[in-house]
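Structure record follows, encoded as structure tokens.
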Amino acid sequence: MPQAPDTHLIIIDSDPDFLSWAAGHLKAPGVTIVTCERPEEGLAAYQKKRADLVLAEIRSGTGPASGIELLKRLRQGDPHAMVILFSGTATTSHVIEAMRIGAYDVLPKERLPYELRSVVESALTGIEARRQKREQSTELPPESIQETIIGRSPAMQEVFKLIGRVSRSDAPVMITGESGCGKELVAGAIHKFSPRAQKEFAAINITAIPDNLIESEIFGHEKGSFTGAVNQRIGRFEQCDGGTLFLDEIGDMPLAVQSKLLRVLQEGQYSRVGSNQTLKTDVRVLAATNKNLEEEVAKGNFREDLFYRLNVVRIHIPPLRERREDVRLLAEFFLQRQSARRRGPVMRFTDDALDILEAYDWPGNVRELENTIQRACALCNSDVLLPSDIPLGSKGTRHHGPASTVTRMRDALSMLVNMADKTPDIDLLPWIERELTRIAYRHCDEDETRASKLLGVPATTLQSYLSAPAVKKAKKAS
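Here's what the structure looks like:
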């Protein structure tokens, strides 16, 4: 593991077994590791001797014991503090808030056995150079965010981290992804966690406005500037001064309006339609598209200079079919929201209904899933949704039977092997056997008979894995 001379690490976690595992996992020549069970102890240790890296768990709540609060206090005392947080229960808000404040990374606890060492190595590489070049971070008041950007998949966790990072600056952001995947939600989250959060946020869908009115909608117009302009109109740039403007489907913006938008991005100036008066504006621009803008530039449909102005930071939201592990979480969220609106009994899915949802390709992405749940709730005459209650569209492919399940299991194993290949100090097969036993045992509510049947092994084999010390160590690491 690369490190500067006398590298100093502090690890904070309430579980002493985990601390022992993590310290052993990261042990290396020239590395001093201090372990603490309480955040206050870790903070005191850091104040006594500043560490190159702090690793701490995120706990529920907002008090002094929470990882987020510890991160704030560390960064307040030392704006250059480098912190990695981990948790088994971190919410979207936790991840975004942690990255906004300045965490180096946020890791799900179950990924630590095969990712912790590589992430720590990445953090420590070139640490002296980072210390010299890192700019001081400004602490902003914490903002709340509705848990509507939902996802536990690795791809969505990366999206949350990017939101946290880009929210600290005024750089333009290009959000890409298919229709219905949540681009406006991402834009809204960037605004809510930014220094502009107390100012206006406005969203414009370019495709929803006639071409001859787009310029007026964005920049405003003077009375009599065109037929139907009976009054002066304030445009969105004027409305959002000091705030954030989100331009959805930017790839469909007419070329004439693109030229005017480019001037705003370059000079912060514009004029209303029908006026020669130059107005100044201070607005952060976020844009989104489901098109390939590089191809649109090549075809002459989109200005190259505007593309580079907008594409300073790009956040790509993967389609729902590429993160099926998020479907169940999203479906449960939408169902809970519909139940609250109905003010009736709490509704729930059967396992078969959830399997149907997970097997569908969702060509309309999250929007289609939400609409599907809404229709199902409206038409169902019970508080339990069955497979027959799920009105799936005809465009999405449905994967029936065990074949698709086996394929997805193979994909998961393939991903695990790729991760393990980067962590050679793990004996993969014994680790999988032990971890799988533990997970199955927990899934079956610690019923050994059920767990043995699920795994297809004798009860004695199950017991031997559960009693093995290595299993307990892996359990604490997750």
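Just so we're aligned, residue 166 is where the sequence shown starts under this note's numbering, counting upward by one. We treat Cβ as the ideally placed atom computed from N, Cα and C, and that holds for glycine.
Less than 7 Å between C-beta atoms, sequence neighbours within five positions excluded: which residues of the same chain meet that for residue i?
i	result
residue 287	none
residue 306	Because the pLDDT at residue 306 is just 31, under 50, the model does not fix this residue reliably, and the value given afterwards should be weighed accordingly. Nothing listed; no residue qualifies.
residue 618	none
residue 279	584, 585, 588 and 591
residue 347	314, 482 and 531
If residue i sits next to residue j, beta carbons under 8 Å apart, how far is it from one beta carbon to the other, in whole angstroms?
i	j	result
residue 285	residue 191	6 Å
residue 368	residue 406	Not quite, the Cβ-Cβ distance comes to about 16 Å (not below 8 Å), so this is no contact.
residue 171	residue 195	6 Å
residue 401	residue 382	7 Å
residue 325	residue 257	6 Å
residue 243	residue 215	6 Å
residue 345	residue 533	6 Å
residue 627	residue 616	6 Å
residue 542	residue 507	7 Å
Note down the Cα distance separating residue i from residue j, rounded to an integer number of angstroms.
i	j	result
residue 211	residue 218	10 Å
residue 631	residue 599	8 Å
residue 594	residue 273	21 Å
residue 161	residue 466	Absent from the structure is residue 161, since the part of the chain shown begins at 166 and ends at 643.
residue 247	residue 498	34 Å
residue 427	residue 470	8 Å
residue 505	residue 388	46 Å
residue 620	residue 592	20 Å
residue 311	residue 578	A caution first: residue 311 carries a pLDDT of 40, below 50, which makes its placement in the model too unreliable to give a value.
residue 322	residue 438	42 Å
residue 393	residue 492	47 Å
residue 178	residue 606	24 Å
residue 123	residue 454	In this structure the chain extends from 166 to 643, so residue 123 is not present and cannot be described.
residue 596	residue 315	30 Å
residue 379	residue 488	35 Å
residue 540	residue 553	12 Å
residue 391	residue 479	37 Å
residue 440	residue 376	19 Å
residue 374	residue 411	14 Å
residue 350	residue 233	23 Å
residue 446	residue 472	20 Å
residue 224	residue 193	28 Å
residue 352	residue 340	8 Å
residue 186	residue 254	20 Å
residue 433	residue 282	45 Å
residue 174	residue 610	37 Å
residue 516	residue 608	14 Å
residue 514	residue 545	11 Å
For residue i, which residues in the same chain have their Cβ closer than 6 Å to its Cβ, ignoring the five residues on either side in sequence?
i	result
residue 483	320
residue 163	This structure does not reach residue 163, given that the chain is present from 166 up to 643, and the question cannot be answered.
residue 260	271 and 325
residue 418	371
residue 629	none
residue 430	474
residue 364	407 and 408
Please confirm whether residue i and residue j have their CB atoms less than 7 Å apart.
i	j	result
residue 358	residue 332	yes
residue 475	residue 337	yes
residue 468	residue 397	no
residue 548	residue 584	no
residue 551	residue 518	yes
residue 399	residue 416	no
residue 490	residue 318	yes
residue 644	residue 343	Within the shown structure, residues of the chain are numbered from 166 to 643, placing residue 644 beyond reach of any answer.
residue 222	residue 252	yes
residue 236	residue 268	yes
residue 266	residue 220	no
residue 604	residue 555	no
residue 527	residue 485	yes
Leaving out the 5 sequence neighbours to the left and right, which residues in its chain are closer than 8 Å to residue i when beta-carbon positions are compared?
i	result
residue 355	328, 331, 332, 338, 409 and 451
residue 370	413 and 414
residue 614	624
residue 538	496, 499, 500 and 503
residue 536	529
residue 128	Here the chain covers residues 166 to 643 and nothing more, so residue 128 does not appear.
Please tell me whether, using a cut-off of 6 Å, the distance from the CB of residue i to the nearest non-hydrogen atom of the ligand FAD is below it.
i	result
residue 191	This structure lacks the ligand FAD; in fact it carries no ligand of any kind.
Which runs of the alpha helix (DSSP H) at least 4 residues long sit entirely within the segment 407-462? Give them in chain order.
420-432
Taking only runs that begin and end inside the segment 320-392, name each unbroken beta strand (DSSP E) of 3 or more residues, in chain order.
338-341 and 366-370
3 or more residues per run - each beta strand (DSSP E) lying fully within the segment 234-268
248-252
Whole runs of the alpha helix (DSSP H) within the segment 171-201, excluding any shorter than 4 residues
181-191
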